[in-house]
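Okay, here's the thing in C-alpha cells:
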C-alpha cells in the first residue's frame, strides 16, 4: 500500500516554499525555502526538491502563486518565471496540477491553523461565533486580504479574495492627506499598497524624514523595521507607528466589509517585521475607531499569524 | 396535486414588500408594497396580505430584513417591529420560516435577474467571465454591499455580506477632506454611509450650501434629488455630482475587494433617484480611477438595478 503523497508549493516573488503533503497534511520535516534567483525555472527548483527528498511519487500538486490565477499558464508579476501546468505535471510523473492565488491558499490555511504560530493582538472576553467568517490580511511585497466563509452544509468553506491592496488609501486627517499626497506623487493616486508593503514602508519613512526637514537616508525596508524595533532611530519609530495606524484602519475596514466576526489574521513579512508595534496603541486604536461599529470590531479576535509556511497548509487543504 | 407555495417578504425601515412564490419563482401578480406605519405588527401586515390573496397555504416563508440576522427573534433598527419566527410560523399554518439579511437577499436575486430592470452604466466590449463574482451595492436609507460568489460545484452560489456602509469614507483631495470633516462633525469619524444614504445626501447638500456661503434650505433628500434632476437648483446639481463621485469611488473599491469581474449592480432608493447622473462623467470617472487597476475595473459591467422588488426574488431563490 502506497501513501497518498502530494506536493505543496508557495511561490512568491522572492522565495519558493515547498513541502510534501501526506494524507492531506503538510509533513513538517519536508518543508524547504529556496531563493527563486538560484533557479532558472520553477521546474529546476521543483526538480531539485524532488531529488533532495528521494524522488517521491506525487499524485497531485497544488501551487499557490502571488499572481492572478487564470488558466493553465501563469506569468508571475514580480519574477520572470512562467508556471505551466502541463510541464509541471510531466515533471511530477503526470500528477494532477492545480494553481491557486497565494491569498486563497492563506485563507484555506485558516481551516487548519497551527495555534503555536498565532500571536494574540486582540482577544475579546467573549468567544467569537464558531461559524464566523475569518479574514487573513497580509502586508509583504504587496498587500492583500482574503475571507474564509464557513461551509454552509459541512465540507470546505468558500474563500473570497480580490485586490484589496488597490483600494483607496484611507485618509481621515490633514496629516494623513499630506502622507497620501506624497505616496501619490507622479501616480495620480495612492492605494492601500502604496503604504502597506515593503516599498510602502520605505516611502512612509521618506515622508517622515522630509516632514522633519531631513534628507531620507538609504535605509531599506528591513533596516527601517530593525531600527524601529531597536528604538535607535526616532524617524524609523515614527514610521512604524504611522504604518501600524494605517494597517489598523485598513484591517478594520476589511473586517467590516467581510463581517469577519470569526477573526482577523495579520500576516506578511512587513507586518511580522514590525510585530512589537502591534502591541503599541496605534494599531488597535485605529482598528477600533469605527464609530457606531466600535463594539463590533472590538469583539473580533485579532492575531498575528507568524508562519511563513502557512500557505503550504492552504495548498494541502485543497488537495 | 397542490402547488408548492411560499411567502417572500422584504421588510425595510419604511415599507414591506410581499409576494407569493410558486415553484421557486415570485408570482409578479401577487407583489404588493405596504407602508409599515399602517400596521401595528408584521403579523398584522402579513395577515392582511394573506386575506387579500385568498388565504393561500404557504409551506415556507423567507423574510429579508434590513437588520443583522441572528437567531429567531429580530428587532428592527429603523422601525419598532419585532420579527419572531414562531409567531410568524403559526400565522402561516406552521410554515417553515427563515430570516435573512436584505443584502443577502439582493445578492441571491442576481442569480435570477429581471434583465428588463437593468439600466446599463458601463458595458465593456468584452463579455465578463461567466463564473465571475458579482456584487450588489445599495444606497438607500443606509448603505451596504454584498457579493455573490459563483457555486464551486453547481448549486447555489455563496453570498458574502457585511457592514460596508461603516467603512472609512474615501478621501483623496483637500475638498474631499473638508466634506468629510463636515460629515464627521460631532461624531469623530465619517463612514461611507454618512454620505451614501438619504440623510447623507442631505448633509452633502448642506456642505455645498455652506461652501457657497448660503444657509441650507429645508429640502428633504427626495427634494434635493428632484431639484438635481430638474436642473433647477445649482446647489442640488452640485450635490448630486459630488454624491456620484463618492459612489463611484466606493463602488470601485468594493469591486476590487470582491474582485467582482462578473458585474457591479447599483441599487437603493437614493441611487435610483439620481439615475440620470449615473451617465454624467463623475460616477464612472471615479469608479475607474484605480491607477494600475484601471483596466480591471473598466472591464467590469456596471448596471443600475432599477427594481424595488429584487430582494423578493432573492427570498424565492432561498426557498
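Residue numbers (the numbering used here), protein chains in the order written: chain A, 1 to 319; chain B, 1001 to 1319.
No residue lacks a Cβ here, since even glycine has one placed at the ideal position from N, Cα and C.
Residue i at chain A interface by Cβ criterion, 7 angstroms
{"i": "residue 1265 of chain B", "result": "no"}
{"i": "residue 1171 of chain B", "result": "yes"}
{"i": "residue 1182 of chain B", "result": "no"}
{"i": "residue 1167 of chain B", "result": "yes"}
{"i": "residue 1076 of chain B", "result": "no"}
{"i": "residue 1155 of chain B", "result": "no"}
{"i": "residue 1189 of chain B", "result": "yes"}
{"i": "residue 1158 of chain B", "result": "yes"}
{"i": "residue 1293 of chain B", "result": "yes"}
{"i": "residue 1001 of chain B", "result": "Caution is warranted here: a pLDDT of 36 is assigned to residue 1001 of chain B, below 50, making its placement in the model unreliable, and the coordinate value is therefore given only provisionally. Not one chain A Cβ lies under 7 angstroms of residue 1001 of chain B."}
{"i": "residue 1246 of chain B", "result": "no"}
Close-in-space but distant-in-sequence residues of the same chain around residue i (CB under 7 angstroms, 5 per side omitted)
{"i": "residue 167 of chain A", "result": "191, 192"}
{"i": "residue 1114 of chain B", "result": "1307"}
{"i": "residue 91 of chain A", "result": "43, 46, 47"}
{"i": "residue 1170 of chain B", "result": "1249, 1250, 1253"}
{"i": "residue 1024 of chain B", "result": "1316, 1319"}
{"i": "residue 112 of chain A", "result": "313, 317"}
{"i": "residue 53 of chain A", "result": "20, 30"}
Spatial neighbours of residue i in its chain, beta-carbon cut-off 6 angstroms, leaving aside the 5 residues before and after
{"i": "residue 277 of chain A", "result": "240, 244"}
{"i": "residue 1019 of chain B", "result": "1008, 1026, 1030, 1031, 1312"}
{"i": "residue 16 of chain A", "result": "34, 36, 45"}
{"i": "residue 73 of chain A", "result": "84"}
{"i": "residue 75 of chain A", "result": "82"}
{"i": "residue 157 of chain A", "result": "148, 149, 150, 151"}
{"i": "residue 1098 of chain B", "result": "1062"}
{"i": "residue 216 of chain A", "result": "206, 209"}
{"i": "residue 309 of chain A", "result": "17, 31"}
{"i": "residue 1298 of chain B", "result": "1288"}
{"i": "residue 58 of chain A", "result": "5, 6, 7, 92, 95"}
Cβ neighbours of residue i in the same chain (closer than 8 angstroms, five flanking residues each side left out)
{"i": "residue 235 of chain A", "result": "205, 208, 209, 212, 214"}
{"i": "residue 1242 of chain B", "result": "1179, 1204, 1208, 1282"}
{"i": "residue 1202 of chain B", "result": "1219, 1220, 1221, 1224"}
Closest by C-alpha distance to residue i, when choosing among the options
{"i": "residue 133 of chain A", "options": "A:258, A:281, A:6", "result": "A:258"}
{"i": "residue 293 of chain A", "options": "A:274, A:260, A:305", "result": "A:260"}
{"i": "residue 1119 of chain B", "options": "B:1263, B:1073, B:1286", "result": "B:1263"}
{"i": "residue 1290 of chain B", "options": "B:1136, B:1005, B:1058, B:1256", "result": "B:1256"}
{"i": "residue 304 of chain A", "options": "A:137, A:180, A:280", "result": "A:137"}
{"i": "residue 66 of chain A", "options": "A:57, A:102, A:218", "result": "A:102"}
{"i": "residue 1147 of chain B", "options": "B:1156, B:1161, B:1013", "result": "B:1161"}
{"i": "residue 70 of chain A", "options": "A:87, A:53, A:57, A:100", "result": "A:100"}
{"i": "residue 1286 of chain B", "options": "B:1310, B:1246, B:1302, B:1195", "result": "B:1246"}
{"i": "residue 93 of chain A", "options": "A:39, A:110, A:177, A:50", "result": "A:50"}
{"i": "residue 1196 of chain B", "options": "B:1058, B:1272, B:1014, B:1295", "result": "B:1272"}
{"i": "residue 1296 of chain B", "options": "B:1127, B:1110, B:1238", "result": "B:1127"}
{"i": "residue 199 of chain A", "options": "A:189, A:187, A:188, A:183", "result": "A:183"}
{"i": "residue 1110 of chain B", "options": "B:1159, B:1299, B:1194, B:1012", "result": "B:1159"}
{"i": "residue 1014 of chain B", "options": "B:1039, B:1021, B:1006", "result": "B:1039"}
{"i": "residue 1089 of chain B", "options": "B:1006, B:1226, B:1107, B:1124", "result": "B:1006"}
Proximity test, Cβ basis, 7 angstroms: residue i and chain B
{"i": "residue 321 of chain A", "result": "Here chain A comprises residues numbered 1 to 319, so residue 321 of chain A is not present and cannot be evaluated."}
{"i": "residue 149 of chain A", "result": "yes"}
{"i": "residue 268 of chain A", "result": "no"}
{"i": "residue 321 of chain A", "result": "Outside the shown range of chain A (1 to 319) lies residue 321 of chain A, about which nothing can therefore be said."}
{"i": "residue 253 of chain A", "result": "yes"}
{"i": "residue 22 of chain A", "result": "no"}
{"i": "residue 163 of chain A", "result": "yes"}
{"i": "residue 55 of chain A", "result": "no"}
{"i": "residue 304 of chain A", "result": "no"}
{"i": "residue 18 of chain A", "result": "no"}
{"i": "residue 177 of chain A", "result": "yes"}
| the region 17-33 of chain A in contact with the region 73-88 of chain A per 3-pair CB rule at 8 angstroms | The region 17-33 of chain A, when compared against the region 73-88 of chain A, does not touch it at the 8 angstroms Cβ threshold.
| Where in the region 34-88 of chain A do unbroken runs of the beta strand (DSSP E), each at least 3 residues long, occur, reported from the N-terminal end onward? | Fully enclosed beta strand (DSSP E) runs of no fewer than 3 residues occupy 60-65, 73-75, 82-84 of the region 34-88 of chain A, in order along the chain.
| said: For the region 1309-1317 of chain B against the region 1055-1067 of chain B, do three or more pairs of beta-carbon atoms, one drawn from each stretch, fall closer than 8 angstroms, so that the two count as touching? | reply: The region 1309-1317 of chain B is in contact with the region 1055-1067 of chain B.
| said: What ranges does the alpha helix (DSSP H) occupy inside the region 161-208 of chain A, keeping only unbroken runs of at least 4 residues that lie completely in it? | reply: Whole alpha helix (DSSP H) segments, 4+ residues: 174-184.
| field | Stretch pair the region 135-142 of chain A + the region 266-276 of chain A: three plus CB contacts closer than 8 angstroms | value | Look at the beta carbons and you see the region 135-142 of chain A touching the region 266-276 of chain A: at least three pairs across the two are nearer than 8 angstroms.
| Secondary structure, beta strand (DSSP E): runs of 3+ residues fully inside the region 101-163 of chain A | DSSP runs (the beta strand (DSSP E)) wholly in the region 101-163 of chain A: 118-122, 134-139, 143-149, 158-161.
| query | What are the uninterrupted segments assigned as alpha helix (DSSP H) that are 4 or more residues long and contained completely in the region 213-300 of chain A, given in chain order? | reply | Entirely contained in the region 213-300 of chain A, the alpha helix (DSSP H) runs reaching 4 residues are, in chain order, 221-230, 234-258, 269-273, 281-288, 294-298.
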